[in-house]
Amino acid sequence: MKILTAVAAAFVLAGAASAADPCAQTRSATVTFTSPGDIVTATSFSGPVAPEGGGDNCRHAIVVLTIHTVEGVPVTVYAAPVVAASYDAGHTMAPVPAAQLGAFLDEWIKVEITTSDTAPAAGTEGFTTTLPPEDYEAIRAAKAPMLCYKASEHDRVCLAPDSSGYVVDFLTQDMA
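All letters in the sequence shown, in the order written, are residues 2 to 177 by this note's numbering.
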């Protein structure tokens with residue numbers, strides 16, 4: 002609950018600061034993952050300390066990816082510093098202009114939706130899951146909808162509903 006409260010507070014602060022802060026940006030897309038549909042939102046806001054040099058530099062920005070149903074029910078939330086979520090922003094110490102941050106957010110909301118039967122078998126190298134093998138294989142066999150997003154340059158996270166219909170972290174792919 003503390004995490005959701007912190008994320009909610011961050012959205013309020015980001016909304017209030019967006020007029021004056023070029024690093025406070027939001028992008029959204031509607032997708033069909035759960036029924037009747039979902040909204041993927043990528044939001045950014047300035048970090049607590051301005052980067053050296055100030056100006057149009059969002060290098061310390063925090064980015065938050067949320068997926069919620071069209072009725073407003075949260076499905077998942079992922080937050081990270083932009084330098085961890087985006088290789089282009091993180092591999093050098095160069096400034097990250099607001100336009101570059103916006104381009105990252107535009108790409109981040111382009112999630113992949115497929116079915117769970119396309120996931121590899123449990124234990125496949127480069128893929129991990131926190132689910133017991135029998136639960137993982139049951140979700141694969143169910144051919145449930147699966148939504149994947151890029152958590153970082155090296156990790157892709159996929160969500161899928163379990164046998165009760167609750168959306169769980171299904172797998173993480175190491176893309177290194």
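Each residue gets a CB set at the ideal place from its N, CA and C atoms; glycine is no exception.
Where residue i falls: helix, strand or coil (DSSP)
i    : result
P146 : strand
D22  : coil
L172 : strand
R141 : helix
E113 : strand
T44  : strand
D163 : coil
A177 : coil
A152 : coil
M94  : coil
P75  : strand
T70  : strand
Contacts around residue i, its chain only, beta-carbon distance under 8 Å, and the 5 residues preceding and following it disregarded
i    : result
S29  : I40, V41, T42, A43, I110
F171 : S117, A120, T130, L132, Y137, I140, M147, C159, L160, A161
T93  : none
Residue i vs residue j beta-carbon contact at 8 Å
i    : j    : result
V83  : L102 : yes
I114 : V32  : yes
Y88  : A152 : no
A145 : P134 : no
D156 : Q174 : yes
P37  : V64  : no
F105 : A81  : no
F46  : A21  : no
A99  : P23  : yes
Y150 : V112 : yes
Sequence-distant residues of the same chain with beta carbon closer than 6 Å to residue i, five excluded per side
i    : result
A143 : none
I68  : D39, V41, V76, T77
P52  : N58, R60, H61
D107 : R28
Bridge partners - residue i, DSSP secondary structure assignment
i    : result
P49  : In DSSP, P49 forms no bridge with anything.
A80  : V65
A86  : For A86, which the question treats as bridged, DSSP gives no partner whatsoever.
T129 : T173
S29  : T42
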